[in-house]
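>
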């Protein structure tokens, strides 16, 4: 199979260097169906759904994940050979497995930002061949994703926290959460149209501003893993938790739970 969206050597080099690139229009064909599926997800949250605004705080910041079995539009996007093939090319991987999808909705007037974090410390999978696609389903000018270029290469992972309380998710030897703007780190971000995608490593530090605009900001994410991804034990329950997975340290993720959506032949 060959990725239908060309990934140039320059784009692959940028992804390897910065841990984040912009891909214009990659999900454009899926936007109407994904919007409908997000509406259905908001009306029928799954067991992992969460609210990230405090009692009495303005706005609403909703998230949910691991619902691709329930909403066909989520699975259709994940299995699209253009999207999965692009993931393979960016990761330089012969094989791509779906880890999970994630829906994030910020209603108008939601001042609360998405805190700075890396995804990898929350997960029970580790490897350099990973990629997330963050896809707005509405035009995004200010509430866009912000990423610290090169942070996927840091030796020590950043402390994972619970988004609302900011309590540590695990105990362990972690790097304190930095303030990238105050510390002069190179932050990359892009104004985006529905169907554009930011591709970034699970290890890339990222966050997002609040949504002070007058319209809802719906975002859909897909998380993929490649050839070198293996199960690792964390100091406590992971997010997502995936109870009963049956993995042992060093295992490749089981294909019946994390389907292979791409193989290079």
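Numbering (the numbering used here), first residue to last: 67 to 331.
Cβ atoms here follow ideal geometry from the backbone N, Cα and C, with glycine treated the same way.
What distance in whole Å lies between the Cβ atoms of residue 222 and residue 252, which are believed to be in contact at a cut-off of 8 Å?
The count along the chain shown starts at 1 and reaches residue 252 at position 186. The count along the chain shown starts at 1 and reaches residue 222 at position 156. Rounded, the Cβ-Cβ distance is 19 Å, inconsistent with contact.
> Under the three-state reduction of DSSP, which class applies to residue 305: helix, strand or coil?
Residue mapping note: residue 305 aligns to position 239 of the chain shown, counting from 1. The answer is coil: DSSP assigns residue 305 none of H, G, I, E or B.
> Quick one: what does DSSP say residue 133 is sitting in, helix, strand or coil?
Looking up residue 133 in the chain shown gives position 67. Three-state result, residue 133: coil.
> Pull up the CB-CB distance for residue 309 and residue 299, whole angstroms please, since I reckon it's below 8 Å.
In the chain shown, counting from the first residue as 1, residue 309 sits at position 243. In the chain shown, counting from the first residue as 1, residue 299 sits at position 233. Their Cβ separation, rounded to whole angstroms, is 14 Å, which puts residue 309 and residue 299 out of contact at 8 Å.
> Please work out which residues of its chain come closer than 7 Å, Cβ to Cβ, to residue 293, disregarding the five sequence neighbours upstream and downstream, and give them in chain order.
For the purposes of this step, residue 293 is taken as the residue at position 227 of the chain shown. Here the set comprises 159, 160, 161, 195.
> Does DSSP put residue 81 in a helix, a strand or coil?
If you number the chain shown from 1, residue 81 lands on position 15. Helix.
> Can you list, in chain order, the residues of its chain with a C-beta nearer than 7 Å to that of residue 88? Leave out the 5 residues immediately preceding and following it.
Position 22 of the chain shown, counted from the start, is the residue given in the question as residue 88. Around residue 88, the same chain offers 256, 262, 264 as residues with beta carbons nearer than 7 Å, after the five sequence neighbours per side are excluded.
> Where does residue 70 fall in DSSP's three states?
Taking the first residue of the chain shown as 1, we reach residue 70 at position 4. Residue placement at residue 70 cannot be trusted, given a pLDDT of 49 that sits under 50; what the coordinates show is reported in the next sentence. Correct three-state label for residue 70: coil.
> Among 184, 175, 144, which one has its Cα closest to the Cα of residue 163?
Position 97 of the chain shown holds residue 163. Minimum Cα distance to residue 163 is reached at 144.
> State the beta-bridge partners of residue 297 as determined by DSSP.
Here the question's residue 297 lines up with position 231 in the chain shown. In DSSP, residue 297 forms a bridge with 191.
> List in chain order: all unbroken beta strand (DSSP E) runs of 3+ residues lying wholly within the stretch 102-174.
127-131, 161-172
> Which residue marks the beginning of the beta strand (DSSP E) containing residue 94, and which one marks its end?
Start at 1 with the first residue of the chain shown, and residue 94 comes out as number 28. Segment: none, residue 94 is in no beta strand (DSSP E) and carries neither H nor E.
> Does the separation of the CB atoms of residue 132 and residue 203 fall below 7 Å?
Indexing the chain shown from 1 puts residue 132 at position 66. Indexing the chain shown from 1 puts residue 203 at position 137. Cβ atoms of residue 132 and residue 203: not closer than 7 Å.
> The beta strand (DSSP E) with residue 278 in it runs from where to where?
Position 212 of the chain shown, counted from the start, is the residue given in the question as residue 278. Residue 278 -> no beta strand (DSSP E), and no H or E assigned at all.
> Tell me which residues share the same chain as residue 94 and place their Cβ nearer than 6 Å to its Cβ, disregarding the 5 neighbours each side in the sequence.
Start at 1 with the first residue of the chain shown, and residue 94 comes out as number 28. Excluding positions up to five away in sequence, the list reads 261.
> With a threshold of 16 other CB atoms inside 10 Å of the CB of residue 238, please say whether the residue is buried or exposed.
Numbered from its first residue, the chain shown carries residue 238 at position 172. Classified as exposed, residue 238 has fewer than 16 neighbouring CB atoms from the shown chains inside 10 Å of its CB.
> According to the neighbour-count rule (16 or more other Cβ atoms, all chains shown, within 10 Å of its Cβ), is residue 129 buried or exposed?
Your numbering for residue 129 matches position 63 in the chain shown. Buried, because 16 or more other Cβ atoms sit within 10 Å of the Cβ of residue 129.
> Helix, strand or coil for residue 218, going by three-state DSSP, please let me know.
On the chain shown, position 152 is the one that residue 218 refers to. If DSSP states are grouped into helix, strand and coil, residue 218 belongs with the helices.
> Taking the C-alpha atoms as reference points, what is the distance between residue 117 and residue 126?
The count along the chain shown starts at 1 and reaches residue 117 at position 51. The count along the chain shown starts at 1 and reaches residue 126 at position 60. The straight-line gap from Cα to Cα measures roughly 7 Å.
> DSSP state of residue 248, grouped into three classes?
Here the question's residue 248 lines up with position 182 in the chain shown. Coil.
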